[in-house]
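Heads up: the structure comes next, in structure tokens.
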Amino acid sequence: MSHYDVAVIGGGLLGCATARHLARAGSRVLLLEKDQLNRHASGQNAGSLHFQLEYRMVEHGDAGARLAARALPLHLDAMRAWATLEDELGERCGVARRGGLMLAETPAEVAALDRKAALERRYGLDTTVLSGRELRELAPYLSPTVTAAGYVAGEGKANPRLVTPALARAAVRYGTVLRTGCRVTGLYRHGHRWELETGGTTGDTSGTAYTADAVVLAAGVWTAELAAMADTRLPVFPVGLTMSTTARTAPLIPHLVQHVGKRLSMKQTEEGNVLIGGGWPAKLVTRAGRLDLEHNPELRYESLTSNADAARVVPAVLPLPVIRSWTGMTTLTPDQLPLLGAVPRRPGLFVATGGSAFTLGLTYARLLADTLLTGRPDQSIEDYSPARFGALNFV
Ligand SMILES: Cc1cc2nc3c(=O)[nH]c(=O)nc-3n(C[C@H](O)[C@H](O)[C@H](O)COP(=O)(O)OP(=O)(O)OC[C@H]3O[C@@H](n4cnc5c(N)ncnc54)[C@H](O)[C@@H]3O)c2cc1C
Numbered sequence: 001m002s003h004y005d006v007a008v009i010g011g012g013l014l015g016c017a018t019a020r021h022l023a024r025a026g027s028r029v030l031l032l033e034k035d036q037l038n039r040h041a042s043g044q045n046a047g048s049l050h051f052q053l054e055y056r057m058v059e060h061g062d063a064g065a066r067l068a069a070r071a072l073p074l075h076l077d078a079m080r081a082w083a084t085l086e087d088e089l090g091e092r093c094g095v096a097r098r099g100g101l102m103l104a105e106t107p108a109e110v111a112a113l114d115r116k117a118a119l120e121r122r123y124g125l126d127t128t129v130l131s132g133r134e135l136r137e138l139a140p141y142l143s144p145t146v147t148a149a150g151y152v153a154g155e156g157k158a159n160p161r162l163v164t165p166a167l168a169r170a171a172v173r174y175g176t177v178l179r180t181g182c183r184v185t186g187l188y189r190h191g192h193r194w195e196l197e198t199g200g201t202t203g204d205t206s207g208t209a210y211t212a213d214a215v216v217l218a219a220g221v222w223t224a225e226l227a228a229m230a231d232t233r234l235p236v237f238p239v240g241l242t243m244s245t246t247a248r249t250a251p252l253i254p255h256l257v258q259h260v261g262k263r264l265s266m267k268q269t270e271e272g273n274v275l276i277g278g279g280w281p282a283k284l285v286t287r288a289g290r291l292d293l294e295h296n297p298e299l300r301y302e303s304l305t306s307n308a309d310a311a312r313v314v315p316a317v318l319p320l321p322v323i324r325s326w327t328g329m330t331t332l333t334p335d336q337l338p339l340l341g342a343v344p345r346r347p348g349l350f351v352a353t354g355g356s357a358f359t360l361g362l363t364y365a366r367l368l369a370d371t372l373l374t375g376r377p378d379q380s381i382e383d384y385s386p387a388r389f390g391a392l393n394f395v
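Counting in this note's numbering, the sequence shown runs from 1 upward without gaps.
Here it is in structure tokens:
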């Protein structure tokens with residue numbers, strides 16, 4: 001049975017980035033992925049790097065926004081992390097940070113934007129509210145219905161198809177042992193070690209057991225299922241989301257575009273396609289009355305039409321044909337804050353999931369790796385600790 005310092009479960013952005021940090025620091029790391037790398041949320045998402053609070057964080061009023069703002073220190077760190085990622089990895093990941101705009105059309109939305117920007121500035125995020133000529137000059141492509149926008153210079157996009165494979169290659173270069181098609185089916189604590197039982201989906205590693213001093217759950221929507229194997233409950237809920245892309249067109253939108261009063265994210269890829277999303281739901285699949293996380297959620301017609309309607313803020317997008325729509329699943333916690341850190345009462349078990357973990361994933365990974373390596377990351381992760389849900393676990 002092979003033994004490792006750390007076994008990381010999940011070959012998405014969080015797992016690959018965490019493995020990279022740990023292996024670079026000299027840990028013997030095993031990275032286990034039940035399917036292919038980047039097969040799930042990390043490869044299906046919108047690629048937005050949004051550091052302003054999102055619509056889902058402000059839609060329930062100021063108290064909800066203040067709670068969500070407790071993750072803003074992570075947003076600030078993530079902004080720095082994306083700025084240097086491609087140089088660190090030595091490969092292109094489609095990172096482009098030409099600024100992000102969060103739009104407002106009604107007086108109530110403008111007021112919400114002002115309150116949001118004031119809150120963000122208290123945490124050190126440099127949000128400016130633009131209007132009038134200043135806004136028109138920066139973003140002439142916006143509809144005249146847009147009267148103001150929160151602007152953050154470092155926002156933008158990265159290519160979800162490139163980022164996680166590049167992180168995985170770096171993790172392997174530092175010595176991480178990677179097993180794909182290898183599903184963890186059991187987690188047992190023996191003395192000071194964890195034993196991981198696996199069942200392969202592609203054959204070669206089927207039935208292999210591994211041991212590790214520590215285990216990192218970076219398993220996206222499967223996190224609760226894996227936690228249950230370690231006899232612990234983590235409140236992580238799957239959410240189905242919808243994305244669409246238009247045919248290619250000439251350069252039109254240099255910015256990341258979001259809306260403070262509607263579900264909308266919009267950006268143009270390097271190739272010219274306009275990606276449209278922003279949190280419109282897709283229907284999770286159930287079989288025999290139980291959630292089936294192995295199948296992508298079903299498209300909902302209302303989500304497609306409502307998302308298209310929200311896209312009216314950029315009139316030039318409306319005539320473009322939509323060439324593909326797809327769905328994916330991500331995880332949210334009940335308070336929408338990340339779930340990051342050591343799992344109480346399960347020595348050597350750690351978790352990273354929840355929220356906008358494409359934007360924030362590099363930061364979650366660095367802070368979690370430092371927690372494992374030194375016990376003291378340079379930025380507190382107390383607010384995101386699974387201990388806040390300790391009442392779910394009495395033993
Ligand atoms: C449509 C959509 C749009 C989104 N847009 C954005 C965005 O624009 N910006 C943003 O910040 N975030 C966005 N997100 C959220 C973001 O994609 C996720 O937060 C992030 O990718 C999560 O990464 P992860 O590594 O935790 O999960 P995943 O990428 O899902 O990786 C988890 C991996 O664990 C593996 N796994 C699970 N169980 C086991 C097991 N038992 N054994 C072995 N392996 C296992 C899975 O196969 C999977 O590959 C979006 C999500 C979706 C679905």
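Beta carbons: idealized from backbone N, C-alpha and C, even for Gly.
Just so we're clear, the structure is a prediction, and the values are computed from it rather than from any experiment.
Note the first and the last residue of the continuous alpha helix (DSSP H) segment covering residue i.
i, result
"Trp415", "Because the chain in this structure spans residues 1 to 395, residue 415 falls outside the shown range and cannot be described."
"Arg161", "160-173"
"Leu67", "62-68"
"Gln44", "41-44"
"Asp114", "107-122"
"Cys16", "13-24"
"Asp370", "361-374"
"Arg136", "132-138"
"Val396", "Outside the displayed span of the chain (1 to 395) sits residue 396, for which this structure offers no information."
"Leu226", "223-229"
If we count the other Cβ atoms within 10 Å of its Cβ and call it buried at 16 or more, is residue i buried or exposed?
i, result
"Phe51", "buried"
"Phe389", "buried"
"Ala219", "buried"
"Phe404", "In this structure the chain extends from 1 to 395, so residue 404 is not present and cannot be described."
"Tyr384", "buried"
"Gly150", "buried"
"Gln258", "buried"
"Leu318", "exposed"
"Ser2", "exposed"
"Pro315", "exposed"
"Tyr210", "buried"
"Thr180", "buried"
"Leu392", "exposed"
"Ala66", "The sequence as given places Arg at residue 66; Ala does not occur at that position. Answer is exposed; the Cβ neighbour count stays below 16."
If the criterion is Cβ atoms closer than 8 angstroms, does the pair residue i and residue j meet it?
i, j, result
"Arg56", "Gly279", "yes"
"Thr106", "Gly261", "yes"
"Leu37", "Ala7", "no"
"Val322", "Thr246", "yes"
"Thr327", "Thr269", "no"
"Val163", "Trp194", "no"
"Asp126", "Val152", "yes"
"Leu337", "Ala71", "yes"
"Leu178", "Leu226", "no"
"Thr18", "Ala365", "yes"
"Ala230", "Arg346", "yes"
"Leu30", "Glu120", "no"
"Thr363", "Leu74", "yes"
"Leu293", "Met329", "yes"
"Arg248", "Asn273", "yes"
"Ala310", "Arg233", "no"
"Ser48", "Lys267", "yes"
"Gly367", "Phe350", "According to the sequence shown, residue 367 is Leu rather than Gly. No; because the gap between Cβ atoms is not below 8 angstroms, this pair is not in contact."
Give the C-beta separation of residue i and residue j to the nearest angstrom, bearing in mind that I take them to be a contact with Cβ-Cβ under 8 angstroms.
i, j, result
"Ser131", "Val313", "Actually they do not touch by this definition, with Cβ atoms about 15 angstroms apart."
"Ala118", "Ala148", "Ala118 to Ala148, Cβ: 14 angstroms. No contact."
"Ser42", "Phe358", "7 angstroms"
"Thr371", "Ile381", "7 angstroms"
"Gly361", "Thr333", "About 15 angstroms; that fails the 8 angstroms criterion."
"Ala78", "Thr176", "Not a contact, Cβ separation roughly 22 angstroms."
"Gly156", "Arg80", "Actually they are not in contact, since the Cβ atoms of Gly156 and Arg80 sit about 14 angstroms apart, beyond 8 angstroms."
"Val58", "Ala112", "6 angstroms"
"Arg139", "His255", "Per the sequence shown, residue 139 should be read as Ala rather than Arg. Indeed, because the Cβ distance is near 6 angstroms, the residues count as touching under 8 angstroms."
"Gly348", "Leu284", "Not really, about 32 angstroms apart at Cβ, beyond 8 angstroms."
"Asn45", "Pro160", "5 angstroms"
"Thr331", "Thr223", "6 angstroms"
"Ser325", "Ser244", "4 angstroms"
How would you write the range of the beta strand (DSSP E) that residue i sits in, first residue to last?
i, result
"Thr267", "The residue asked about is misnamed: residue 267 is Lys in this sequence, not Thr. Where Lys267 is concerned, the enclosing beta strand (DSSP E) stretches over 265-268."
"Pro238", "237-246"
"Ser2", "2-9"
"Leu30", "29-32"
"Ala104", "100-104"
"Tyr301", "Note, Tyr301: premise wrong, no beta strand (DSSP E); alpha helix (DSSP H) at 301-310."
"Thr353", "349-353"
"Thr330", "322-332"
"Gly191", "Premise fails: Gly191 is in no beta strand (DSSP E) and is neither H nor E."
"Ala153", "Ala153 -> no beta strand (DSSP E), and no H or E assigned at all."
"Ile253", "Per DSSP, Ile253 belongs to no beta strand (DSSP E) and is neither H nor E."
Please confirm whether any heavy atom of ligand 2 lies closer than 7 angstroms to the CB of residue i.
i, result
"Asp126", "As for ligand 2, it is missing from this structure, which binds only ligand 1."
Does residue i get closer than 8 angstroms to chain C when you measure Cβ to Cβ?
i, result
"Leu293", "This model lacks chain C altogether, as it is built from one protein chain only."
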